[in-house]
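**Student:** Under UniProt numbering, the first residue of the sequence shown is numbered 1, with each subsequent residue one higher. All C-beta atoms, glycine included, are put in the ideal place defined by N, C-alpha and C. Take this structure, written in structure tokens, and hold onto it; I'll ask about it next.
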Amino acid sequence: MANDRMSDKEGGVSAGSSRASAAKAGPRPAGRASGAGGRRTRPPGHVVARPPRPWGLIAAALAVVVFAVAVIGYAVVTVNRADADKVTSAEQIAGMQAYDYPNGQGHVATPVDYPESPPVGGDHDGEWADCTGTVYSVDIRNENAVHSLEHGAVWITYDPGRVSEDDIATLSELVDGTSGRMLSPRPGLGAQISLQSWNNQLTAEAATDPRLQRAADFLTLNPEITPEPGATCENPAFISTPLVAGDASRAGG
């Protein structure tokens, strides 16, 4: 019996010692597993999302570039076309008739019998017709108009019986307000329209004939062909009281 109790005591001590040792060791950390299957798993890395491309802005920028290229191309073509159409001599204008009146023609107080109608040069009245972009409603006197040509003016005439009101309006736009030009009717003109400068004449059968614009642009106050470059076109007295065929000179010789 004594031996049995000793054995029980020893067994109790042994069991208690085991429990005490387990208590001292403390609980095993969670998640730690023994063996090869207990290796800790590395958390996934941080994934950086790439921002979306601004396709709208890119498309807009490309559109601006394409538009700019188109504008520049159009400008280059326009300039080249303008250079190609630029007149450097009266002979370049189809149908332009050239004459050879010398500079320094005399002033006369009597009517002049001009071989051309309308005239393009020769002796003329001492008073010039106003040519500051003036649109006349009367057939102005030849001798005064030729003096204006000597000053570098372009004189456009039309047959009122052969042109329409729209034609007259078109011709007026070509002249009105442009210094060095004047417009007047000429009944019985051999063509619908005739344009004169000193030693040059061009006839046309339509007010929209592009040669009229080209001729006017080249000839108006052109110092290369004007007998008196720099001379004035202003004469308010002639605007208020224009002289017509059959009127006497107001200037004398």
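I'd like the ranges of any alpha helix (DSSP H) spanning at least 4 consecutive residues and lying wholly in the stretch 109 to 192.
**Tutor:** The qualifying runs are 142 to 150, 165 to 175.
**Student:** Counting Cβ pairs closer than 8 Å, one from the stretch 195 to 207 and one from the stretch 216 to 229, do we hit at least three?
**Tutor:** Taking 8 Å as the limit for Cβ pairs, the verdict is that the stretch 216 to 229 does touch the stretch 195 to 207.
**Student:** Locate the beta strand (DSSP E) running through L212, then write down its first and last residues.
**Tutor:** Here L212 belongs to no beta strand (DSSP E); instead the alpha helix (DSSP H) covers 210 to 219.
**Student:** Below 8 Å on the Cβ atoms is my guess for G180 versus A215; work out the distance and round it to an integer in Å.
**Tutor:** That belief does not hold up - the Cβ atoms of G180 and A215 are roughly 13 Å apart, past 8 Å.
**Student:** Quick check on this structure: which residue in A248, S137, S172, G121 has the alpha carbon closest to the alpha carbon of S240?
**Tutor:** The option with the nearest alpha carbon to S240 is S137.
**Student:** I need the straight-line Cα distance from H147 to T232, nearest angstrom please.
**Tutor:** Rounded to the nearest angstrom, the two C-alpha atoms are 11 Å apart.
**Student:** Report yes or no: do three or more beta-carbon pairs, one from the stretch 114 to 123 and one from the stretch 95 to 105, lie closer than 8 Å?
**Tutor:** Contact between the stretch 114 to 123 and the stretch 95 to 105 is present, because at least three Cβ pairs lie under 8 Å.
**Student:** If contact is defined by three or more beta carbon pairs under 8 Å, each pair taking one atom from either stretch, is the stretch 182 to 195 in contact with the stretch 149 to 169?
**Tutor:** Yes, since at least three Cβ pairs between the stretch 149 to 169 and the stretch 182 to 195 fall closer than 8 Å, the two stretches touch.
**Student:** Who are the Cβ neighbours of I72 in its own chain at under 8 Å, not counting the five residues just before and after it?
**Tutor:** Answer for I72: no residue qualifies.
**Student:** For A82, does the three-state DSSP call read helix, strand or coil?
**Tutor:** For A82, the predicted model reports a pLDDT of 48, less than 50, meaning its position is unreliable; a value from the coordinates is still stated below. Helix.
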